[in-house]
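Chains as they are written, first to last, in my numbering: chain A, 6 to 133; chain B, 6 to 133; chain C, 6 to 133; chain D, 6 to 133.
There are 4 protein chains.
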Amino acid sequence: MPLYQYDHQIRVRYQETDQMGVVYHANYFSYFEMARTEALRSLGKSYRDLEESGCFLVVNKAECSFKKPAKYDDLITVRTLVERITHVKIEHKYEVYRGEELLAVGKTVLVAVDRDGRIIRIPQELVP
Amino acid sequence: MPLYQYDHQIRVRYQETDQMGVVYHANYFSYFEMARTEALRSLGKSYRDLEESGCFLVVNKAECSFKKPAKYDDLITVRTLVERITHVKIEHKYEVYRGEELLAVGKTVLVAVDRDGRIIRIPQELVP
Amino acid sequence: MPLYQYDHQIRVRYQETDQMGVVYHANYFSYFEMARTEALRSLGKSYRDLEESGCFLVVNKAECSFKKPAKYDDLITVRTLVERITHVKIEHKYEVYRGEELLAVGKTVLVAVDRDGRIIRIPQELVP
Amino acid sequence: MPLYQYDHQIRVRYQETDQMGVVYHANYFSYFEMARTEALRSLGKSYRDLEESGCFLVVNKAECSFKKPAKYDDLITVRTLVERITHVKIEHKYEVYRGEELLAVGKTVLVAVDRDGRIIRIPQELVP
Numbered sequence: 006m007p008l009y010q011y012d013h014q015i016r017v018r019y020q021e022t023d024q025m026g027v028v029y030h031a032n033y034f035s036y037f038e039m040a041r042t043e044a045l046r047s048l049g050k051s052y053r054d055l056e057e058s059g060c061f062l063v064v065n066k067a068e069c070s071f072k073k074p075a076k077y078d079d080l081i082t083v084r085t086l087v088e089r090i091t092h093v094k095i096e097h098k099y100e101v102y103r104g105e106e107l108l109a110v111g112k113t114v115l116v117a118v119d120r121d122g123r124i125i126r127i128p129q130e131l132v133p
Numbered sequence: 006m007p008l009y010q011y012d013h014q015i016r017v018r019y020q021e022t023d024q025m026g027v028v029y030h031a032n033y034f035s036y037f038e039m040a041r042t043e044a045l046r047s048l049g050k051s052y053r054d055l056e057e058s059g060c061f062l063v064v065n066k067a068e069c070s071f072k073k074p075a076k077y078d079d080l081i082t083v084r085t086l087v088e089r090i091t092h093v094k095i096e097h098k099y100e101v102y103r104g105e106e107l108l109a110v111g112k113t114v115l116v117a118v119d120r121d122g123r124i125i126r127i128p129q130e131l132v133p
Numbered sequence: 006m007p008l009y010q011y012d013h014q015i016r017v018r019y020q021e022t023d024q025m026g027v028v029y030h031a032n033y034f035s036y037f038e039m040a041r042t043e044a045l046r047s048l049g050k051s052y053r054d055l056e057e058s059g060c061f062l063v064v065n066k067a068e069c070s071f072k073k074p075a076k077y078d079d080l081i082t083v084r085t086l087v088e089r090i091t092h093v094k095i096e097h098k099y100e101v102y103r104g105e106e107l108l109a110v111g112k113t114v115l116v117a118v119d120r121d122g123r124i125i126r127i128p129q130e131l132v133p
Numbered sequence: 006m007p008l009y010q011y012d013h014q015i016r017v018r019y020q021e022t023d024q025m026g027v028v029y030h031a032n033y034f035s036y037f038e039m040a041r042t043e044a045l046r047s048l049g050k051s052y053r054d055l056e057e058s059g060c061f062l063v064v065n066k067a068e069c070s071f072k073k074p075a076k077y078d079d080l081i082t083v084r085t086l087v088e089r090i091t092h093v094k095i096e097h098k099y100e101v102y103r104g105e106e107l108l109a110v111g112k113t114v115l116v117a118v119d120r121d122g123r124i125i126r127i128p129q130e131l132v133p
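So this is what it looks like as structure tokens:
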């Protein structure tokens, strides 16, 4: 069971499509980042404030399995599942849906760094 | 041992950086795609022609481990390693370097589809 | 006086920032496109449907004056003003705000083309 | 007559196309920025160094007229023409070609700012 989960809706942009007529695959990783930021906001926290306080979450590992293509103007739902938080990393899982249809499944591992890029502990406040 | 390998150089663009002052992580997946296209070109084949002949290579799975950040104006080398080609998929590995420094390691699985999005056999001509 | 105007809100994405810590300027042109699409939707019309019917609106000219930078996580408002519609083109103006602050002002000229890229009349249904 | 002109070649990326099968218009502004950076490099100067010395060139105004679409894998030439440099701004013109074919014409006005975003004089070293 995830520690927390949150659904965020995204309208697919024209620029995100490519000449195959579908969303270019790299854009899903950007969708994931927006979705986890909104998941954080839904808990009353702001990633922007976190950065301003000197803590940066950087992606250490990212992966995605693409099942079906998202298309221009689709209103997709990105479900963010907080899978695990330790002192050194946060693991998220993502599911991208168009209605009931599962389009993609992804995962990221985040670590925290300070302004100088040195790895620091994951802030306690990020535990849901 | 890879079936084939090829090094492609990319100049990091200003637009690819984000406010952390490094390349936004999703851009590496686009780097991988360009690098494997150039690997193909180095074998005298053109992905553009392949598409015009009705065969589209789509990304089925993609992953990346980020070791060190690439920065604006860096001249990075993306090494593409063709790991495995079967009737149904092509597996690539990627290594991103700045000089001797390893910045990232990635992997993709591609499948081939026709104009209607139906899965087809990997064309024989793609075997190096 | 504009023929029609509509305000659309956009949350600035991390990927849209660059190492100056502000939104990379080219992204405003994408904001304009999203804003005019939403203006159309607010009139009960869909650009996606328009394309499916064989009419494509292409940008013939675009310009932007940048006053103040938008930043990560800003909730900006893009005001679209439909300035003029003739048989051959549509002229839009755009104003980008963060609260009361004017960040940028832009303009586009659109023409309509068919599936083969030939210029066609602006569809009557696009007149608000 | 321009103060200086320089031709830079760019290979159109898959990600830069959209579902119309051509380069998404906003990308031309990024092409312009790369081309003027390479024009600077051809004069033995580096925009990266300029930023590290505390001088940032920001786009104050940008415009583009789109004549014909660039397509995936096209090798386009972006000609940068330095039109005018004063104490407060630099004006560039751009011409985008595919072979002999003119695809787009653009213009930008740049101003210089310091680390705090305050407008400063255009550095003398930028005059070709």
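Built from N, CA and C at the ideal position, the CB exists for glycine as well.
What you are looking at is a predicted structure, and each value in this text was computed from that prediction instead of being measured.
Problem - Contact under 8 Å by Cβ, residue 127 of chain C with residue 92 of chain C - result: Your numbering for residue 127 of chain C matches position 122 in the third sequence. Your numbering for residue 92 of chain C matches position 87 in the third sequence. Their beta carbons are under 8 Å apart, which means residue 127 of chain C touches residue 92 of chain C by this criterion.
Problem - Whether residue 36 of chain D touches residue 77 of chain D by CB criterion (8 Å) - result: As a working note, residue 36 of chain D is residue 31 in the fourth sequence. As a working note, residue 77 of chain D is residue 72 in the fourth sequence. For the pair residue 36 of chain D and residue 77 of chain D, the CB atoms are not nearer than the 8 Å cut-off.
Exercise for the section: Run down chain D in chain order and give the residues with a C-beta less than 8 Å from the C-beta of residue 29 of chain A. Expected result: Start at 1 with the first residue of the first sequence, and residue 29 of chain A comes out as number 24. The answer, in chain order, is 19 and 20.
Handout entry: Presumed contact (8 Å Cβ cut-off) between residue 60 of chain D and residue 117 of chain D, rounded CB distance
Key = Reading the fourth sequence from its first residue, position 55 is the one you call residue 60 of chain D. Reading the fourth sequence from its first residue, position 112 is the one you call residue 117 of chain D. That belief holds up - the Cβ atoms of residue 60 of chain D and residue 117 of chain D are roughly 5 Å apart, short of 8 Å.
Practice task
Check each candidate in A:119, A:50 and A:87 and name the one with the smallest Cα separation from residue 3 of chain A.
Solution key: With chain A running from 6 to 133 in the structure shown, residue 3 of chain A is simply not present.
Handout entry: Neighbour list for residue 26 of chain C in chain B, Cβ cutoff strictly below 8 Å
Key = Start at 1 with the first residue of the third sequence, and residue 26 of chain C comes out as number 21. For residue 26 of chain C, the chain B residues whose Cβ falls inside 8 Å of its Cβ are 24, in order along the chain.
Practice task
For residue 57 of chain B, I'd like the list of residues in its chain whose CB is within less than 6 Å of its CB, leaving aside the five on either flank, ordered along the chain.
Solution key: Your numbering for residue 57 of chain B matches position 52 in the second sequence. Here the set comprises nothing.
Practice task
Taking 8 Å as the cut-off, decide whether the C-beta atoms of residue 94 of chain B and residue 64 of chain B are in contact.
Solution key: Start at 1 with the first residue of the second sequence, and residue 94 of chain B comes out as number 89. Start at 1 with the first residue of the second sequence, and residue 64 of chain B comes out as number 59. Judged by their CB atoms, residue 94 of chain B and residue 64 of chain B are not nearer to each other than the 8 Å cut-off.
Exercise for the section: May I ask which residues mark the beginning and end of the alpha helix (DSSP H) holding residue 40 of chain A? Expected result: Taking the first residue of the first sequence as 1, we reach residue 40 of chain A at position 35. Taken as a continuous stretch (DSSP letters only), the alpha helix (DSSP H) holding residue 40 of chain A covers 32–47.
Problem - Given 8 Å, three or more beta-carbon pairs between the stretch 10–30 of chain C and the stretch 82–90 of chain C - result: They touch, by the three-pair rule.
Practice task
Using three-state DSSP, classify residue 54 of chain D as helix, strand or coil.
Solution key: Residue mapping note: residue 54 of chain D aligns to position 49 of the fourth sequence, counting from 1. Assignment of residue 54 of chain D by DSSP, reduced to helix, strand and coil, places it in the helix class.
Problem - Option in D:38, D:105, D:66 and D:74 with minimal Cα separation from residue 111 of chain C - result: As a position in the third sequence, residue 111 of chain C is number 106, starting the count at 1. Check the Cα spacing between residue 111 of chain C and each of D:38, D:105, D:66 and D:74: the tightest is with D:66.
Exercise for the section: Verify whether the separation of the beta carbon atoms of residue 28 of chain B and residue 38 of chain B is less than 8 Å. Expected result: By 1-based counting over the second sequence, the position of residue 28 of chain B is 23. By 1-based counting over the second sequence, the position of residue 38 of chain B is 33. No.
Exercise for the section: List the residues of chain C that residue 69 of chain D touches, going by C-beta distances under 9 Å, in chain order. Expected result: By one-based count along the fourth sequence, residue 69 of chain D stands at place 64. Within chain C, 34, 64, 66, 67 and 68 have C-beta atoms less than 9 Å from the C-beta of residue 69 of chain D, given in sequence order.
Practice task
Would you decide whether residue 41 of chain C is buried or exposed? Buried here means 16 or more other CB atoms lie within 10 Å of its CB.
Solution key: Position 36 of the third sequence, counted from the first residue, corresponds to residue 41 of chain C. Counting Cβ neighbours within 10 Å, residue 41 of chain C comes out buried, since at least 16 surround it.
Problem - Cross-strand partners of residue 92 of chain C (DSSP beta bridge) - result: Walking along the third sequence from the start, residue 92 of chain C turns up at place 87. The partner list for residue 92 of chain C (beta bridge, DSSP) is empty, contrary to what the question assumes.
Handout entry: Minimum Cβ-Cβ distance from residue 77 of chain A to chain C less than 8 Å
Key = As a working note, residue 77 of chain A is residue 72 in the first sequence. So yes, residue 77 of chain A belongs to the interface.
Exercise for the section: Could you work out which residues of chain A lie near residue 120 of chain C, taking near to mean beta carbons separated by less than 9 Å? Expected result: Counting from 1 along the third sequence, the entry for residue 120 of chain C is found at position 115. What residue 120 of chain C touches in chain A: nothing, since even the nearest Cβ is about 13 Å away.
Exercise for the section: Would you check if the distance between the CB atom of residue 69 of chain A and the CB atom of residue 102 of chain A is smaller than 8 Å? Expected result: As a position in the first sequence, residue 69 of chain A is number 64, starting the count at 1. As a position in the first sequence, residue 102 of chain A is number 97, starting the count at 1. The answer is no: Cβ separation not under 8 Å.
Exercise for the section: Measure from the C-beta of residue 6 of chain B to each C-beta in chain D and report whether the shortest distance is under 8 Å. Expected result: Working through the second sequence from its first residue, we reach residue 6 of chain B at position 1. Not closer than 8 Å to any Cβ of chain D, the Cβ of residue 6 of chain B fails to qualify, so no.
Problem - First through last residue of the beta strand (DSSP E) which encompasses residue 129 of chain D - result: Taking the first residue of the fourth sequence as position 1, residue 129 of chain D is located at position 124. No beta strand (DSSP E) holds residue 129 of chain D; DSSP gives it neither H nor E.
Problem - Cβ distance (whole Å) where residue 72 of chain A is taken to contact residue 45 of chain A below 8 Å - result: For the purposes of this step, residue 72 of chain A is taken as residue 67 along the first sequence, with counting starting at 1. For the purposes of this step, residue 45 of chain A is taken as residue 40 along the first sequence, with counting starting at 1. Actually they are not in contact, since the Cβ atoms of residue 72 of chain A and residue 45 of chain A sit about 26 Å apart, beyond 8 Å.
Exercise for the section: Whole angstroms is fine: what's the gap from residue 5 of chain D's alpha carbon to residue 6 of chain C's? Expected result: Summary: the structure shown does not reach residue 5 of chain D, with chain D confined to residues 6 through 133, and so no result is reported for it.
Practice task
Could you tell me which of A:121, A:74 and A:125 sits nearest to residue 123 of chain B, measuring between CA atoms?
Solution key: Here the question's residue 123 of chain B lines up with position 118 in the second sequence. Looking at the Cα atoms, A:74 is the closest of the given residues.
Practice task
Please decide whether residue 38 of chain D counts as near chain B, where near means a Cβ-Cβ distance under 8 Å.
Solution key: Counting from 1 along the fourth sequence, the entry for residue 38 of chain D is found at position 33. It does; some Cβ of chain B falls within 8 Å.
Practice task
Tell me whether the beta-carbon of residue 55 of chain D lies closer than 8 Å to the beta-carbon of residue 133 of chain D.
Solution key: Walking along the fourth sequence from the start, residue 55 of chain D turns up at place 50. Walking along the fourth sequence from the start, residue 133 of chain D turns up at place 128. Not closer than 8 Å, so no.
Exercise for the section: Measure from the C-beta of residue 89 of chain B to each C-beta in chain D and report whether the shortest distance is under 8 Å. Expected result: To locate residue 89 of chain B, count along the second sequence from 1; it is residue 84. The C-beta of residue 89 of chain B comes no closer than 8 Å to any C-beta of chain D.
Practice task
Compare the Cα-Cα distances from residue 43 of chain A to each of A:99, A:26, A:24 and A:25 and report the closest residue.
Solution key: For this step, residue 43 of chain A is matched to residue 38 along the first sequence. For residue 43 of chain A, the nearest C-alpha among the options comes from A:99.
Handout entry: Closer than 7 Å at the beta carbon, the chain A residues around residue 53 of chain C
Key = Position 48 of the third sequence, counted from the start, is the residue given in the question as residue 53 of chain C. Result: 77 and 78.
Practice task
Would you kindly work out how many angstroms separate the C-alpha atoms of residue 79 of chain A and residue 53 of chain C, rounded to a whole number?
Solution key: Residue mapping note: residue 79 of chain A aligns to position 74 of the first sequence, counting from 1. Residue mapping note: residue 53 of chain C aligns to position 48 of the third sequence, counting from 1. Residue 79 of chain A and residue 53 of chain C have their C-alpha atoms spaced approximately 10 Å apart.
Problem - Pick from C:31, C:62, C:30 and C:105 that is closest to residue 25 of chain D, judged by C-alpha positions - result: Mapped onto the fourth sequence, residue 25 of chain D falls at position 20. In terms of CA proximity to residue 25 of chain D, C:62 leads the group C:31, C:62, C:30 and C:105.
Handout entry: Residue burial classification, residue 121 of chain D (beta-carbon count within 10 angstroms, cutoff 16)
Key = Here residue 121 of chain D is taken as the residue at index 116 of the fourth sequence, counted from 1. Exposed.
Exercise for the section: Within 10 angstroms of the Cβ of residue 23 of chain B, are there 16 or more other Cβ atoms? Answer buried if so, exposed if not. Expected result: Position 18 of the second sequence, counted from the first residue, corresponds to residue 23 of chain B. Answer is buried; the Cβ neighbour count reaches 16.
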